[in-house]
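Residue numbers (our numbering), protein chains in the order written: chain A, 181 to 446; chain B, 223 to 438.
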Amino acid sequence: MMTTYEQPDKKQLLELAVLDSHGLLEPLESDLFNSAFLNAPVTLQEEIQKMQEELAVDTSLLPSDLPDASLRRRVLDAVAKAADEEADRLAPLALIGARAGASRHNQRSVGTSGWRAVAMVLFGVSVVLAAFSISANNRADDITKYALNADVAQTMSDLVGTEFGEFIRNPSAPAVGLERTNGDPTGYVRVAINERTGAGYILAIDLKDGEEFFIQGMTPDGTIIELAHLVAGNTPVVAQTFSVDIAIAGTLTYRAIDTTGKVVWS
Amino acid sequence: MGIRFLIGLQVMEPCGVLLRIQWMWRWQLPTNEPDYRLMRRVALGEEEAVAELYDRFAPLVFKLSRQFLTNTAESEDAVQEIFVRLWKTADRFDPRKAKLVTWVMLITRRHLIDRIRKKSVRPKQQELGEHHGETATDGPLPSKIWLEERNHMLLQQLQTLPELQRTVIERAYFQGFTLREVSRQLDAPLGTVKSALSRGLLRLRERGDKEKSAFH
Numbered sequence: 181m182m183t184t185y186e187q188p189d190k191k192q193l194l195e196l197a198v199l200d201s202h203g204l205l206e207p208l209e210s211d212l213f214n215s216a217f218l219n220a221p222v223t224l225q226e227e228i229q230k231m232q233e234e235l236a237v238d239t240s241l242l243p244s245d246l247p248d249a250s251l252r253r254r255v256l257d258a259v260a261k262a263a264d265e266e267a268d269r270l271a272p273l274a275l276i277g278a279r280a281g282a283s284r285h286n287q288r289s290v291g292t293s294g295w296r297a298v299a300m301v302l303f304g305v306s307v308v309l310a311a312f313s314i315s316a317n318n319r320a321d322d323i324t325k326y327a328l329n330a331d332v333a334q335t336m337s338d339l340v341g342t343e344f345g346e347f348i349r350n351p352s353a354p355a356v357g358l359e360r361t362n363g364d365p366t367g368y369v370r371v372a373i374n375e376r377t378g379a380g381y382i383l384a385i386d387l388k389d390g391e392e393f394f395i396q397g398m399t400p401d402g403t404i405i406e407l408a409h410l411v412a413g414n415t416p417v418v419a420q421t422f423s424v425d426i427a428i429a430g431t432l433t434y435r436a437i438d439t440t441g442k443v444v445w446s
Numbered sequence: 223m224g225i226r227f228l229i230g231l232q233v234m235e236p237c238g239v240l241l242r243i244q245w246m247w248r249w250q251l252p253t254n255e256p257d258y259r260l261m262r263r264v265a266l267g268e269e270e271a272v273a274e275l276y277d278r279f280a281p282l283v284f285k286l287s288r289q290f291l292t293n294t295a296e297s298e299d300a301v302q303e304i305f306v307r308l309w310k311t312a313d314r315f316d317p318r319k320a321k322l323v324t325w326v327m328l329i330t331r332r333h334l335i336d337r338i339r340k341k342s343v344r345p346k347q348q349e350l351g352e353h354h355g356e357t358a359t360d361g362p363l364p365s366k367i368w369l370e371e372r373n374h375m376l377l378q379q380l381q382t383l384p385e386l387q388r389t390v391i392e393r394a395y396f397q398g399f400t401l402r403e404v405s406r407q408l409d410a411p412l413g414t415v416k417s418a419l420s421r422g423l424l425r426l427r428e429r430g431d432k433e434k435s436a437f438h
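Dropping the structure here:
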């Protein structure tokens with residue numbers, strides 16, 4: 181008999197919210213709190229946000245000291261130094277897949293901060309691709325062009341969103357790859373489920389224009405569960421989140437069916 | 223530009239398992255929200271954005287650092303580290319989950335707790351033992367005398383709390399023990415420790431507000 185994931189009650193959630201806002205929860209507990217927060221009613225979410233904000237700005241028990249004026253410059257220099265070190269480390273990644281001529285042209289037209297941004301975007305994307313076991317060689321061309329032409333400040337969120345961080349480097353969230361059943365090698369679909377929380381993430385890259393399918397999960401007893409409905413848009417990457425009962429999170433196999441019910445990815 | 227998503231449905235699967243297919247959050251991402259745009263710029267390392275973040279939150283970050291750390295120089299180092307950490311994690315800020323000040327202070331508190339836990343100062347035996355007869359164990363601890371000097375009002379308020387709440391706050395919040403460690407030290411269930419800590423922190427805040435109002 182399957183059991184449903186028990187969402188903390190309001191009292192428990194408020195308690196966890198207090199501890200979370202003070203940084204006192206362990207990483208897994210914090211993940212579970214975030215997951216429970218997302219599943220809570222909107223009114224409760226608003227109550228929690230308001231309470232956490234009040235706790236954050238409360239200075240009634242803090243010392244009255246203020247920072248010295250010189251600290252401002254030191255902080256700005258420390259951040260700039262850290263950013264430059266990161267950019268130097270990532271700069272070679274910014275050239276992955278780029279044609280030599282195009283990259284030389286881009287180096288003339290994109291300033292240092294632009295390359296830093298692109299490098300960060302590509303690093304983030306390459307981490308995502310690696311985590312989902314996708315070869316970056318062919319994809320980097322498209323993604324490089326996309327990043328250079330896009331508002332790079334938005335690109336990471338636009339491409340894969342803020343949720344993907346929960347799945348990257350998370351041993352509780354192994355990724356499963358799907359391939360087209362007709363043997364067409366283009367495109368990638370990856371599904372990951374956090375087996376501790378039931379939170380799931382689907383990443384699809386280079387789908388055909390207008391391609392539309394439904395991702396399904398199948399339990400060992402043959403029960404079919406619809407997880408997501410994907411429609412290819414005008415960006416190279418599509419991503420979507422979902423959640424399932426943690427009792428079945430580690431047991432599912434996946435496939436995708438098109439609008440006629442035909443299995444197109446497995 | 224945008225990525226297209228579809229609305230999820232909430233369906234009751236025949237075997238009784240409740241499935242929830244969530245709204246795609248990017249559909250509702252408040253890309254025009256000022257704090258969201260600020261943190262995007264911070265993530266790119268734009269100095270003006272980092273300066274704005276500093277000007278808004280440095281006093282609060284510094285005050286909290288002074289509460290935890292032993293001297294001004296150490297607090298200033300911590301503030302630098304915290305703002306570097308804020309830059310590194312800026313792309314993870316989601317205004318749908320929390321206000322920016324909540325996010326900043328969460329990063330700050332986590333950093334200060336990590337810093338305390340890395341410190342090698344050993345607690346004096348009687349400072350931990352006097353509350354519950356427990357012997358001190360290895361762990362970082364700002365000296366109680368220093369704590370008294372820096373946080374006179376806070377200490378006064380702590381003394382008004384029930385013993386369990388006071389003890390768990392001192393050990394988890396100021397001494398850097400994890401909640402599991404506190405649970406083992408006090409031989410109390412983890413849930414009890416969490417509840418006591420949560421209630422104690424809220425009570426401290428309520429009483430601190432009343433004290434402040436009394437002087438104004």
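Every residue gets a Cβ at the ideal spot worked out from N, C-alpha and C, and that includes glycine.
Contact between the region 242-260 of chain A and the region 268-282 of chain B is present, with at least three C-beta pairs closer than 8 Å.
C-alpha of Tyr276 (chain B) to C-alpha of Glu226 (chain A): approximately 27 Å in a straight line. For Thr377 (chain A), none of the residues of chain B pass the 7 Å Cβ criterion, the least Cβ distance being about 12 Å. The beta carbon of Phe213 (chain A) sits no closer than 8 Å to any beta carbon of chain B.
Secondary structure at Thr311 (chain B): coil, using DSSP grouped into helix, strand and coil.
Collapsing the DSSP output to three states places Glu392 (chain B) in a helix. Non-local beta-carbon contacts of Arg393 (chain B) in its own chain, meaning distances under 6 Å to residues more than five positions away in sequence, involve Phe399 and Val404 in chain order. For the 8 Å CB-CB criterion, Met231 (chain A) and Ala197 (chain A) form a contact. The C-alpha of Ile428 (chain A) is placed about 36 Å away from the C-alpha of Leu308 (chain B). Note that the C-beta distance between Leu235 (chain A) and Ser201 (chain A) is below 8 Å. When rounded, the separation of the alpha-carbon atoms in Gln192 (chain A) and Pro207 (chain A) is 17 Å. Bridge pairing for Gly397 (chain A): A:Ile405 and A:Tyr434 [DSSP]. Cβ contact annotation for Arg331 (chain B) (same chain, cutoff 6 Å, sequence separation greater than five): none.
Counting along the chain, no alpha helix (DSSP H) covers Ala355 (chain A); the unbroken beta strand (DSSP E) around it starts and ends at Ala355 to Leu358.
Not one beta carbon of chain A lies nearer than 8 Å to the beta carbon of Phe396 (chain B). When Cβ-Cβ separations below 8 Å define contact, Arg331 (chain B) makes contact with chain A.
When secondary structure is reduced to three states using DSSP, Phe279 (chain B) falls in the helix class.
Secondary structure note for Ala236 (chain A): its alpha helix (DSSP H) is the uninterrupted segment Val222 to Val237. For the region 400-423 of chain B, the set of residues with a beta-carbon nearer than 7 Å to any beta-carbon of chain A comprises Thr400, Leu401, Lys416, Ser417, Leu419, Ser420 and Leu423, in chain order. DSSP, read as helix, strand or coil, puts Thr421 (chain A) in strand. With contacts defined by Cβ atoms closer than 8 Å, Ala408 (chain A) and Phe422 (chain A) form a contacting pair.
Using a Cβ-Cβ distance cut-off of 8 Å, the region 312-327 of chain B and the region 251-266 of chain B are in contact, since at least three pairs of beta carbons, one from each stretch, lie closer than that value. Between the beta-carbon of Gln289 (chain B) and that of Leu432 (chain A) there is about 47 Å, and that puts the pair past the 8 Å contact cut. Partner residues in the beta bridge of Val411 (chain A), as assigned by DSSP, are A:Glu392. Selection B:Gln387, B:Lys319 and B:Arg421 evaluated against Ser215 (chain A) yields B:Lys319 as nearest (Cα-Cα).
The residues Phe394 and Gln396, in chain order, have a CB closer than 7 Å to that of Glu406 (chain A) in the same chain once the five nearest residues on each side in sequence are set aside. If you draw a straight line from the Cα of Gln187 (chain A) to the Cα of Glu265 (chain A), it comes to about 43 Å.
For the pair Gln387 (chain B) and Gly413 (chain B), the CB atoms are not nearer than the 8 Å cut-off. Trp445 (chain A) is bridged by DSSP to A:Arg360 and A:Ala436. When 7 Å is used as the limit between beta carbons, Ala300 (chain B) is near no residue of chain A, the shortest such separation being about 11 Å.
For Glu226 (chain A), the nearest beta carbon of chain B is not closer than 8 Å to its own beta carbon. Straight across, the Cα-Cα distance linking Arg259 (chain B) with Leu204 (chain A) is about 28 Å. Secondary structure of Arg318 (chain B) (DSSP, three-state): coil.
Residues of chain A with a Cβ closer than 8 Å to the Cβ of Pro281 (chain B) are, in chain order, Leu246 and Pro247. Under a criterion of Cβ atoms nearer than 7 Å, the residues of chain B adjacent to Leu242 (chain A) are, in order, Lys285, Leu286 and Gln289.
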